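Inspection log for the structure reproduced underneath, given as structure tokens.
There are 2 protein chains.
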Amino acid sequence: MKKHNFYAGPSILPQTTIEKTAEAIINFAGTGLSVMEVSHRSKEFVAVVDEATALFKELLNIPDNYSVLFLGGGASTQFAMVPFNLFIKKAAYLNTGAWSKKAIKEAQMFGEVDVVASSDDKNFSYIPKGYTIPKDADYFHVTTNNTIYGTEIKYDIDSPIPLVADMSSDIFSRPIDISKYVIIYGGAQKNLAPAGVTFVIIRNDILGKVKHHLPTMLNYQTHIDKESMFNTPPVVPIFAALQTLRWLKEKGGIEEMYKINVKKAGLLYSEIERNSLFKVTVEAEEDRSLMNICFVMTEGNEDKEKAFFEFATSKGMVGIKGHRSVGGFRASTYNALPIESVAALVETMKDFETQNK
Amino acid sequence: MKKHNFYAGPSILPQTTIEKTAEAIINFAGTGLSVMEVSHRSKEFVAVVDEATALFKELLNIPDNYSVLFLGGGASTQFAMVPFNLFIKKAAYLNTGAWSKKAIKEAQMFGEVDVVASSDDKNFSYIPKGYTIPKDADYFHVTTNNTIYGTEIKYDIDSPIPLVADMSSDIFSRPIDISKYVIIYGGAQKNLAPAGVTFVIIRNDILGKVKHHLPTMLNYQTHIDKESMFNTPPVVPIFAALQTLRWLKEKGGIEEMYKINVKKAGLLYSEIERNSLFKVTVEAEEDRSLMNICFVMTEGNEDKEKAFFEFATSKGMVGIKGHRSVGGFRASTYNALPIESVAALVETMKDFETQNK
């Protein structure tokens with residue numbers, strides 16, 4: 077049976093990324109060796125890092141005064157790296173959920189953190205608006221997409237101070253004006269590659285201002301100077317990332333991907349709103365994520381949750397259980413998820429409604 | 077032509093690790109999905125981490141009061157994590173080369189570091205002896221195998237203070253008495269898995285004594301509490317590590333591996349000593365690495381270096397160029413390198429000598 081992969085992360089990757097990576101695990105670039113057992117300084121692997129960096133810049137239209145880094149580990153390390161590199165006297169953060177809270181916690185080790193607004197009063201089911209970004213803070217940090225709650229900041233914020241964004245789960249899903257940010261970072265395991273590599277887009281002139289000691293590996297300058305090759309990088313995730321970037325370019329780039337994402341999300345949100353058994357957890361349409369669509373049973377139908385989960389599983393749906401802090405269901409519709417999978421889920425929801433009438 | 081992979085790292089992995097990983101990239105544990113696109117919290121992937129942890133403990137005979145962690149990123153991050161977690165007033169380090177120096181540099185950010193001995197007077201071509209470990213230091217740090225210079229501490233040091241070892245390039249190559257160490261760490265990309273995961277063996281009671289702030293991701297306790305699943309771990313490197321651990325067990329474990337390693341290294345060191353064109357860079361036999369065998373041309377034959385490199389390359393030898401700071405050649409003979417590859421290199425050296433007589 078065809079599986080429809082709605083996992084929130086690690087999550088679906090393009091079929092070509094999977095096939096090309098499997099091939100390179102056996103024979104990489106005609107070397108007769110696995111990509112896992114070739115020096116990262118071999119000309120074959122250096123070519124992978126160079127092309128991945130160039131494509132990253134091309135696809136996102138990144139200005140020349142920015143660097144793109146591929147670092148080992150996950151975005152959680154960035155929660156500390158950002159203040160290590162930028163915190164002087166005060167930082168500002170927007171609290172939109174569990175990942176924002178983790179980022180705030182790390183910044184608080186460095187001093188005063190101004191949480192400008194929070195949506196925790198309604199279990200993070202909306203994006204706060206109308207807040208004021210303090211002009212005297214060193215930077216303002218946001219989490220653009222909140223996988224757990226299904227909310228997303230789908231626009232580039234105008235910030236009077238340097239803007240930092242965790243885009244782990246929505247990078248490459250919509251066009252971004254990079255020049256509005258000083259740092260964009262994210263774990264790769266949604267729209268890019270398997271877990272184990274983190275991308276960082278950084279404006280070069282923002283560094284070198286802090287006075288405290290910086291551990292070498294936590295200093296962005298270390299990795300900028302060595303073009304992501306200060307230490308041995310995670311070779312397989314970077315190789316896979318390159319395949320996804322090539323696929324993105326072939327598919328028409330980010331503008332095209334955005335159109336498809338709007339269509340996919342529209343299809344599913346419409347069905348949830350139409351279907352008498354389900355409702356979207358995020359009320360305001362402008363706050364609804366294009367990547368993670370959260371929904372629960374309507375009032376009076378809560379007892380059908382388990383039955384729907386089992387019915388959907390029997391139809392090949394994988395990874396649709398909602399996060400425990402929201403409950404219900406979550407369908408993640410990342411770039412690599414084909415519209416056919418969304419259509420299959422919509423069909424499943426319709427069938428379930430008919431059966432339960 | 078058959079390739080003989082002598083890369084220093086990333087380096088040769090068992091054929092079964094390569095094949096099983098390629099298979100799982102296509103279809104993981106019968107899920108019909110790639111191991112790259114399945115949630116790390118799925119029961120299938122949790123089983124991978126659990127078995128890898130259990131086998132790690134079994135193979136190295138790790139006592140119950142230790143934890144085994146698989147962390148994202150490389151060993152370079154450990155250079156900072158060790159002092160973050162253990163440094164109170166003073167640390168002691170042995171300087172045996174480039175990696176030791178990097179570890180020392182990170183510790184110096186925390187305060188006084190006593191470098192008890194160094195072999196930098198002879199380009200790190202020997203292991204210092206007869207030094208005194210200060211009893212008032214918080215811990216003593218050593219790099220057991222020095223890939224660049226071909227030296228190795230092939231015994232477990234008796235230390236009056238907590239002993240920490242970077243075993244990136246010799247873990248699983250010889251039996252170790254774990255109880256003599258409080259922390260053993262290493263990048264996976266020599267004897268275990270592709271780059272992107274770092275293992276840490278840690279005695280649980282050594283933590284919780286420092287007073288300074290610890291970034292969450294740099295706190296070993298974070299990862300002990302969450303059994304390496306605090307954040308999304310590097311799934312492909314961990315899956316590959318499990319395959320290598322199974323292979324190690326099937327091959328008879330570490331005792332058996334050690335016997336083969338002694339035989340492989342013996343074969344190559346004997347030929348270098350016999351052959352009039354080559355000499356080992358590490359004089360004392362007790363200091364010679366079983367994992368990285370460094371050799372240069374003998375006096376008067378320096379002009380034949382390039383010719384030998386080309387001849388060896390034509391015979392299928394890959395990755396035998398010595399590190400630029402030592403020159404000449406380096407043959408890395410990690411666990412997965414078959415004795416046939418060592419024999420092929422020996423044959424190549426003999427043929428080259430005959431041709432140049």
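Protein chains in written order, with my numbering: chain A, 77 to 433; chain B, 77 to 433.
Don't be surprised by glycine CBs; every beta carbon is placed ideally from N, CA and C.
If you're wondering where the values come from, they're calculated on a predicted model, not measured in any experiment.
is_contact[residue i, chain A] using C-beta, thresh 8 Å
i	result
B:Leu-283	no
B:Ile-164	no
B:Met-305	no
B:Thr-97	yes
B:Val-312	yes
B:Leu-89	yes
B:His-217	no
B:Thr-424	no
B:Tyr-72	Residue 72 of chain B lies beyond the residue range present for chain B, which begins at 77 and ends at 433; the question has no answer from this structure.
B:Lys-79	yes
B:Thr-320	no
B:Ala-105	no
B:Ile-34	Outside the displayed range of chain B (77 to 433) lies residue 34 of chain B, so it cannot be described from this structure.
is_contact[residue i, chain B] using C-beta, thresh 8 Å
i	result
A:Lys-181	yes
A:Gly-376	no
A:Ile-369	no
A:Met-112	yes
A:Gly-108	yes
A:Gly-263	yes
A:Ile-414	Reading off the sequence, residue 414 of chain A comes out as Pro, not Ile. A:Pro-414 does not count as touching chain B.
A:Thr-308	yes
A:Ala-388	no
A:Ala-317	no
A:Pro-86	yes
A:Ile-260	no
A:Ile-209	no
A:Ile-101	yes
Paired residues, beta bridge with residue i - DSSP
i	result
A:Ile-282	Bridge partners of A:Ile-282: none, in fact.
B:Ala-407	B:Ile-369
A:Val-240	A:His-217 and A:Ile-259
A:Val-273	A:Gly-148
A:His-80	A:Met-393
B:Arg-364	B:Thr-227
B:Val-422	None; B:Val-422 has no bridge partner.
B:Phe-354	B:Met-373
A:Asn-222	A:Thr-227
Which full runs of the alpha helix (DSSP H) of 4+ residues lie inside the region 126–201 of chain A, going along the chain? Taking only runs of at least 4 residues, the alpha helix (DSSP H) segments lying wholly in the region 126–201 of chain A are 151–162 and 174–184.
Taking Cβ-Cβ distances below 7 Å as the criterion, which residues of the region 114–136 of chain A are in contact with chain B? Of all residues in the region 114–136 of chain A, Val-114, Ser-115 and His-116 have a Cβ within less than 7 Å of some Cβ in chain B.
Below 8 Å between beta carbons is the criterion; list the residues of the region 390–411 of chain A that meet it against any residue of chain B, in chain order. Per Cβ criterion, the list reads Val-394 and Gly-395.
Can you pull out the residues from the region 147–173 of chain B whose beta carbon lies closer than 7 Å to at least one beta carbon of chain A? Those residues of the region 147–173 of chain B that come within reach of chain A (Cβ to Cβ, closer than 7 Å) are Gly-148, Gly-149, Gly-150, Ser-152, Thr-153 and Ala-156.
Is the region 357–367 of chain B close to the region 303–316 of chain B, with three or more CB pairs under 8 Å? Result no; under three Cβ-Cβ pairs closer than 8 Å.
Kindly confirm or deny that the region 195–206 of chain A and the region 338–350 of chain A touch, where touching means at least three C-beta pairs closer than 8 Å. These segments do not touch.
At a CB distance below 7 Å, what residues from the region 270–282 of chain B approach chain A? Give them in sequence order. The region 270–282 of chain B vs chain A, Cβ under 7 Å: Pro-270, Ala-271 and Gly-272.
Relative to chain B, which residues along the region 324–337 of chain A have a C-beta separation below 8 Å, given in chain order? Cβ contacts with chain B: none found.
Across the region 99–112 of chain A and the region 89–99 of chain B, are there enough close Cβ pairs to call them in contact, namely three or more that are closer than 8 Å? With the rule of 3 Cβ pairs closer than 8 Å, the region 99–112 of chain A counts as touching the region 89–99 of chain B.
Stretch-stretch touch, CB-based, cutoff 8 Å, three pairs: the region 113–126 of chain A with the region 225–245 of chain A: Not touching, per the Cβ criterion.
Under 8 Å, CB to CB, which of the residues in the region 292–304 of chain B have a partner in chain A? Residues passing the 8 Å Cβ filter: Thr-292, Met-293 and Leu-294.
Would the region 316–336 of chain B count as touching the region 247–258 of chain B if we require 3 or more Cβ pairs under 8 Å? Of all C-beta pairs linking the region 316–336 of chain B to the region 247–258 of chain B, three or more are shorter than 8 Å, placing the two stretches in contact.
Inter-stretch contact at 8 Å, needing at least 3 Cβ pairs: the region 77–85 of chain B / the region 416–427 of chain A: The region 77–85 of chain B vs the region 416–427 of chain A: no contact.
The region 97–106 of chain A in contact with the region 92–103 of chain B per 3-pair CB rule at 8 Å: By the Cβ test, the region 97–106 of chain A is in contact with the region 92–103 of chain B, since at least three Cβ pairs between them sit closer than 8 Å.
Can we say the region 135–146 of chain A touches the region 139–150 of chain B, given the rule of at least three CB pairs closer than 8 Å? No: the two stretches stay apart, fewer than three of their Cβ pairs being nearer than 8 Å.
Closer than 9 Å, Cβ to any Cβ of chain B: which residues of the region 179–206 of chain A, in chain order? Among the residues of the region 179–206 of chain A, those with a Cβ less than 9 Å away from any Cβ of chain B are Lys-181, Glu-182, Met-185 and Phe-186, in the order of the chain.
Can you pull out the residues from the region 214–239 of chain A whose beta carbon lies closer than 8 Å to at least one beta carbon of chain B? Answer in chain order: no residues at all.
Looking at chain B, which residues of the region 246–257 of chain A have a Cβ within less than 8 Å of any of its Cβ atoms? Those residues of the region 246–257 of chain A that come within reach of chain B (Cβ to Cβ, closer than 8 Å) do not exist; the list is empty.
Evaluate the contact criterion for the region 175–193 of chain A versus the region 147–156 of chain A: three or more CB pairs, one atom per stretch, below 8 Å. The region 175–193 of chain A is in contact with the region 147–156 of chain A.
Say whether the region 294–302 of chain A touches the region 347–355 of chain A, bearing in mind that this needs 3 or more beta-carbon pairs closer than 8 Å, one atom from each stretch. Short answer: they don't touch.
Would you call the region 167–176 of chain A and the region 261–279 of chain A in contact, with 3 or more CB pairs under 8 Å? Touching, no, given that fewer than three Cβ pairs across the two stretches are closer than 8 Å.
Could you tell me whether the region 160–170 of chain A touches the region 279–288 of chain A, where touching means 3 or more Cβ pairs closer than 8 Å? Using a C-beta cut-off of 8 Å, the region 160–170 of chain A makes contact with the region 279–288 of chain A, since at least three inter-stretch Cβ pairs fall below that distance.
Could you tell me whether the region 365–372 of chain B touches the region 383–397 of chain B, using the rule of 3 or more Cβ pairs below 8 Å? Counting Cβ pairs under 8 Å, fewer than three are found: no touch.
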